[in-house]
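Single-structure report; data block below.
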Amino acid sequence: MITPRFSCSQTENAVIVSMYCPSIRAADVEINVDETLVTVHVNPYFLRLNFSKPLLDDEESSANYDPSSATLTITLTKENKGEVFEDLDLLAKLLAPRKTPVISSPSIEVISTQGTAEEDLVAQAEALSIKDDELAEAEENDWQIPQEVPQDGLPPLNLSKEKHYGFLDMHSGYLKHALHTENEINELGGDAEECTKEDRTSRRLKHENDKFDEEHYMADFMDDECIQELIAWTHPHISDKNTFQYTEQENAAVLRLPRKEYLATDIQTHDLYLTLITLLFSYAYDSRTSQHDPTPESAWTMGNLTPAFTALDSPQSTEYSGGPHVFPRMELVDALVPSYRRSLTFPLYRSFALAEKCRKDVAGFLQKGKRIVMRCLLEMKDIFDHHEVYYIYSKIWLDDFCVWIQADADDEIVKQLGKNLMEAKVDKDLIDWDLDLIETAALQAIDRETDSDDESIDSDS
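When the letters of the sequence shown are read in order and numbered with the UniProt record's numbering, they come out as residues 1 to 461.
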């Protein structure tokens, strides 16, 4: 079945679904409404939408097909007229499967404890316990207790070294042949499928330390005219004051996303927000250095700046205590430090001031809400999708993130995260490369050159 292009709007009393369905027979349209779930089937198209509030298929509802525009327009009555249906522009949220109810209490009631499994286990444990007479016999024989080979053999061993990674650790196998491709982003080499979380972090840190170039950093610090121009630029997604509306191209990209339901725990959801910051940082850096005009190097740049891509090392909570999603300042700083380090190590422009501006860009995206965040992720995804090697990072991260942002992310949490991030401050000491000393040495070198020039002028005169 084909998922058609569609859009949703509303009036005070109804929700209107418009579907692009060329070459269909209007008489074959089947519409089913089950409270918040609406399904539409007309060969070869099928659409299933989950709304936030109930609808009715009553006498006031209607379905009309316009052959000239190939548009099927379905009008469904709101069960509670006057209600406002939110997020009708978030197509991924409408397409997401209906949430599976969580059973919070046992579905089987224990009537009697007679002959329960617990009693059987206790009886078996007692049978295996060493009796007093056996203890006496063992003591007499220098504690040489008789032993027998287990009849059922040893428990099976897990011989697989494969580890999962990506969004909610749902993926594996994408980097099995990394050594046979021109994947310059992958820092784990042929061990990418086997590295533990600890290995990924340690390898990432070592690679960053090995690649950091003091002379390159000092040169960009001393001659920063071009970097200051990049810093002065304003991202259009932050400066745009117009009412937000997804473009037709963006809606088409959303319809191509996978249909998934994510059963994330509270701490997993918390960590997703932290990972989101690092993705947006990479996007912000490339957008700022390319003036929002992607280059053939954009995928490489964003990939190398994203720890979750290059080392499969996504940030994890250090201060999470359950309950509402609260993001302490130091937790946000810890999540961003790897992004800062990488921005000072791999791309063309290596400036701490530029990294700070990218942090503020990320905060600006988040404060605008999840629709702007989704737009940023879609642009990032489009760049990776069109790369012959790096497209795998869309598969293991960006596809799922785009679905999650629209369907599951909380808009208020996203905005609060942006506010907290704007107030956070990454100290240079946390980078571990003595940046203050390097900058001081650069300034002293400039002063010595100035003094030398002055002495030369005095001697000539």
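Quick reminder that beta carbons are idealized off the backbone N, C-alpha and C, glycines included. In this text, all values refer to a predicted model and were calculated from it rather than measured experimentally.
Nearest to residue i (by Cα), restricted to the options the options
{"i": "residue 50", "options": "30, 420, 374 and 92", "result": "92"}
{"i": "residue 225", "options": "354, 297, 310 and 244", "result": "354"}
{"i": "residue 425", "options": "357, 399 and 384", "result": "357"}
{"i": "residue 57", "options": "38, 73 and 44", "result": "38"}
{"i": "residue 234", "options": "207, 365, 427 and 420", "result": "365"}
{"i": "residue 222", "options": "448, 442 and 447", "result": "442"}
{"i": "residue 300", "options": "174, 380 and 317", "result": "380"}
{"i": "residue 393", "options": "166, 28 and 94", "result": "166"}
{"i": "residue 24", "options": "34, 269, 337 and 69", "result": "69"}
{"i": "residue 470", "options": "337, 86, 228 and 440", "result": "Residue 470 is absent from the structure shown; the chain starts at 1 and stops at 461."}
{"i": "residue 369", "options": "276, 342, 176 and 411", "result": "411"}
{"i": "residue 218", "options": "360, 283 and 438", "result": "438"}
{"i": "residue 60", "options": "318, 88 and 79", "result": "79"}
{"i": "residue 317", "options": "309, 304 and 329", "result": "329"}
{"i": "residue 277", "options": "444, 359 and 176", "result": "359"}
{"i": "residue 83", "options": "34, 28, 13 and 41", "result": "13"}
{"i": "residue 352", "options": "447, 30, 231 and 189", "result": "231"}
{"i": "residue 267", "options": "211, 215, 168 and 374", "result": "168"}
{"i": "residue 282", "options": "363, 202 and 371", "result": "363"}
{"i": "residue 67", "options": "251, 26 and 43", "result": "26"}
{"i": "residue 63", "options": "89, 28 and 90", "result": "28"}
Spatial neighbours of residue i in its chain, beta-carbon cut-off 8 Å, leaving aside the 5 residues before and after
{"i": "residue 36", "result": "50, 51, 52, 53, 54, 55 and 98"}
{"i": "residue 236", "result": "292"}
{"i": "residue 3", "result": "45, 46, 47, 95 and 255"}
{"i": "residue 310", "result": "185, 186, 187, 204, 303, 304 and 342"}
{"i": "residue 367", "result": "415, 418, 419 and 422"}
{"i": "residue 207", "result": "187 and 311"}
Simplified DSSP state of residue i, which is helix, strand or coil
{"i": "residue 18", "result": "strand"}
{"i": "residue 446", "result": "helix"}
{"i": "residue 147", "result": "Residue confidence for residue 147 is low, a pLDDT of 49 falling below 50, so the modelled location carries little weight; the figure read from the coordinates is stated next. Of the three classes helix, strand and coil, the one that applies to residue 147 here is coil, per DSSP."}
{"i": "residue 362", "result": "helix"}
{"i": "residue 309", "result": "helix"}
{"i": "residue 152", "result": "The predicted position of residue 152 is uncertain, since its pLDDT is 48 and thus under 50; no value can be drawn from it."}
{"i": "residue 420", "result": "helix"}
{"i": "residue 393", "result": "helix"}
{"i": "residue 13", "result": "coil"}
{"i": "residue 87", "result": "coil"}
{"i": "residue 41", "result": "strand"}
{"i": "residue 325", "result": "coil"}
{"i": "residue 8", "result": "strand"}
{"i": "residue 202", "result": "helix"}
{"i": "residue 356", "result": "helix"}
{"i": "residue 340", "result": "helix"}
{"i": "residue 192", "result": "coil"}
{"i": "residue 70", "result": "coil"}
{"i": "residue 53", "result": "coil"}
{"i": "residue 80", "result": "coil"}
{"i": "residue 75", "result": "strand"}
{"i": "residue 471", "result": "In this structure the chain extends from 1 to 461, so residue 471 is not present and cannot be described."}
Residue range of the beta strand (DSSP E) that includes residue i
{"i": "residue 401", "result": "Segment 399 to 407 is the alpha helix (DSSP H) holding residue 401; no beta strand (DSSP E) there."}
{"i": "residue 182", "result": "Where residue 182 is concerned, there is no enclosing beta strand (DSSP E), given that its DSSP letter is neither H nor E."}
{"i": "residue 297", "result": "Run containing residue 297: none; DSSP gives neither H nor E here."}
{"i": "residue 30", "result": "30 to 34"}
N-terminal and C-terminal residue of the alpha helix (DSSP H) that residue i is part of
{"i": "residue 162", "result": "Residue 162 -> no alpha helix (DSSP H), and no H or E assigned at all."}
{"i": "residue 45", "result": "Where residue 45 is concerned, there is no enclosing alpha helix (DSSP H), although the beta strand (DSSP E) it sits in stretches over 45 to 50."}
{"i": "residue 215", "result": "214 to 222"}
{"i": "residue 92", "result": "91 to 95"}
{"i": "residue 468", "result": "The chain is shown from 1 up to 461; residue 468 falls before or after that span and cannot be answered."}
{"i": "residue 379", "result": "370 to 385"}
Same chain, Cβ closer than 6 Å to residue i, five either side skipped, listed in chain order
{"i": "residue 178", "result": "186 and 192"}
{"i": "residue 436", "result": "428"}
{"i": "residue 72", "result": "19, 21 and 65"}
{"i": "residue 16", "result": "9 and 75"}
{"i": "residue 172", "result": "162 and 164"}
{"i": "residue 440", "result": "none"}
{"i": "residue 7", "result": "18"}
{"i": "residue 346", "result": "304"}
{"i": "residue 335", "result": "274, 277 and 315"}
Same chain, Cβ closer than 7 Å to residue i, five either side skipped, listed in chain order
{"i": "residue 181", "result": "389"}
{"i": "residue 106", "result": "With a pLDDT of only 46 at residue 106, under 50, the local geometry of the prediction cannot be trusted, and no value is derived from it."}
{"i": "residue 398", "result": "377, 380, 381 and 384"}
{"i": "residue 313", "result": "200, 201, 204 and 307"}
Cβ-heavy atom distance, residue i to the ligand ATP, below 8 Å
{"i": "residue 349", "result": "This structure simply doesn't include the ligand ATP, nor any ligand for that matter."}
Mind listing, in chain order, the continuous alpha helix (DSSP H) runs of no fewer than 4 residues lying wholly within the region 231 to 294?
-> When DSSP assignments are scanned along the region 231 to 294, the uninterrupted stretches of alpha helix (DSSP H) that are 4 or more residues long and fall wholly within it turn out to be 236 to 239, 248 to 255 and 266 to 290.
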